[in-house]
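Novice: The structure under discussion is supplied below as structure tokens; questions concerning it will follow.
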Amino acid sequence: MAYAFRLDDVRVAYIRISRADLPSEGLAFALRLDGLEQPLGPAVLKQDTLSINDELCGIERILQRASNRQVSLVVRGAKGEVENGILHEELVLFHHSFFLPFVDYVKAMPVGGGPGAYEKPGLLAAFTHACDDNDMLRFWEAHHARLAGHKNLYVIDHGSTVSPRSVLHPDTNVVPLPRGETDHANMARFCGHFQRFLLSQYSFVLHTDADELLVFEDGEAALLAKLAGGGFAGIIQPGQAFDVIHDTRAGNPAASPAEAPLRQGELISAQRSLMLPAEGIYRKPVLASVSASWLEGFHLVYEEQSVREEPGLWLMHLQAADFGLLLDKNRRWNALRQTEADFRRCPQNGRPGDRDSLRQWFAEAYADERLRPLPDCLRGKF
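Residue numbering for the sequence shown follows numbering that gives the first Met the number 0, beginning at 0 and increasing consecutively.
Structure representation (structure tokens):
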């Protein structure tokens, strides 16, 4: 039987197998569960020990699905070398060192239960993180305050030159945070910690970017009733995700004349008429009653087995809802300094940063056959 363990670097997992005679090159490795194989990340075999780059916790995510079932390691060679290409397969036992780096003793503390246990006083908190995005933050605040109330809104101000405190409602909580170089993994990490902090007092926590609004097609009161009544549990992702598109074309059929820049204090659905389906990853896990560990960009969580989709929830992305605001945002992002590791993963300096290139971006959006009008079920909801 093989066994998995970790040493000092938590990003690397090791599996010691029962054979030392396998070739060191030309092999592929996977974990098999219920007949399905999940390829392992970059891996190197030296004698009887396999070292795996497990920075994204791929092995742990397989184990989430395993429950009490057994997982086996599959080693494949070149096709035709052996039947099915399998050179070796054996069950894997996990040593306690494999999990030790992930033990969180705060979460492990006794929390009580049954009569007399602590009851969370809040139903729903909403939070976001932003840097120098005060105009969009005002739309985020106005929308989510109707759902959760200002006192249950939290804005992590990640190094703004002009504090959001100067433009937001006095009851909205602003948490200042110093800013280093831009690093999306760091952002995901501090937001994950903050979500856990809020879950100590709230039954549900909502996190979106500052230019994203969560909309329930049956309205805020129905959503709150569903949260309070046990209709949601775990980690929820909206079943619908769309980009709201600013129609700047004069004399177009949908809006004549062209739509004006967004006005604060008015519903966006009364100012905009078009939307475009967002890519699949924009159906993000945003609402949770349990801890959520986001990957960079907040499109996915490690706890993928706890995610369920709610078809009545919509995530409306406002990045393209105002030409001028998007142009300013793109210029800010193009000028940001990223860590070297962040730049390798997701360079941010290639956004359309002049009017002509952004107009071209919008022209392509208008020509997209998926472009459609806002549905009636969303009118008046955001």
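Using N, Cα and C, we set each Cβ at its ideal position, and we do this for glycine too.
1) Take the Cβ of Lys45 as the centre, count every other Cβ of all protein chains shown within 10 Å, and call the residue buried at 16 or more, exposed below.
2) Is it right to say Thr160 is buried, meaning 16 or more other beta carbons lie within 10 angstroms of its own, or is it exposed?
3) Between which residues of its own chain and Asn151 is the CB-CB distance below 7 Å, once the five residues before and five after are set aside?
4) Can you name the residues that DSSP bridges to Gln46?
5) Is Met315 helix, strand or coil by DSSP?
6) For Thr338, I'd like the list of residues in its chain whose CB is within less than 6 Å of its CB, leaving aside the five on either flank, ordered along the chain.
7) What residue does the beta strand (DSSP E) around Gln359 start on, and which one ends it?
8) Just to check my reading of the structure: Val174 and Tyr153 have Cβ atoms closer than 8 Å, yes? What is that Cβ distance to the nearest angstrom?
9) Between His94 and the rest of its own chain, which residues show a CB-CB distance below 6 Å, the 5 nearest in sequence each way excluded?
10) Could you tell me the alpha carbon to alpha carbon distance between Leu317 and Leu32, rounded to whole angstroms?
11) Which same chain residues, not among the five before or five after Lys225, have their C-beta less than 7 Å away from its C-beta?
12) Helix, strand or coil for Arg31 per DSSP?
13) In this structure, what does DSSP give as the bridge partners for Asp131?
14) Have a look at Asp156 and Glu258 and give me their C-alpha separation to the nearest angstrom.
15) Name the DSSP bridge partner or partners of Pro276?
16) Residues bridged to His87 by DSSP?
17) Just how far apart, CA to CA, sit Val91 and Leu72?
18) Around the C-beta of Gln194, are 16 or more other C-beta atoms found within 10 angstroms, so that it is buried, or is it exposed?
19) How many angstroms separate the CA atom of Leu314 from the CA atom of Leu373?
20) Decide yes or no for the touch test of the segment 317–331 against the segment 347–355: beta carbon pairs closer than 8 Å, at least 3 of them.
21) Do Leu312 and Leu357 come within 8 Å of each other at the CB atom, strictly closer than that value?
22) Who does Glu309 pair with in a DSSP beta bridge?
23) Quick check: the Cα distance between Leu370 and Ala240, rounded to an integer number of angstroms?
24) With distances taken between CB atoms, is the gap from Val11 to Ile51 smaller than 8 Å?
25) Run the CB neighbour count on Arg282, radius 10 Å, all protein chains shown included, and call it buried at 16 or more, exposed below.
Specialist: The structure says:
1) Lys45 should be labelled exposed.
2) exposed
3) Gly121, Leu123, Ala124 and Ala125
4) DSSP output for Gln46 lists no bridge partner at all.
5) strand
6) Excluding residues within five positions, the ones whose Cβ falls inside 6 Å are Glu180 and Asp182.
7) Premise fails: Gln359 lies in the alpha helix (DSSP H), Arg354 to Ala366, not in any beta strand (DSSP E).
8) 6 Å
9) Tyr2 and Phe4
10) 41 Å
11) Hits under 7 Å: Phe231.
12) Arg31 falls in the strand class under three-state DSSP.
13) Beta-bridge analysis with DSSP links Asp131 to no other residue.
14) 31 Å
15) Phe241
16) Val74
17) Computed Cα separation, rounded: 6 Å.
18) buried
19) So the alpha carbons of these two residues sit roughly 13 Å apart.
20) yes
21) no
22) Looking at the DSSP assignment, Glu309 forms a beta bridge with Pro237.
23) 13 Å
24) In contact: Val11 and Ile51 (Cβ atoms closer than 8 Å).
25) Under the 10 Å beta carbon count, Arg282 is surrounded by 16 or more other beta carbons and is classified as buried.
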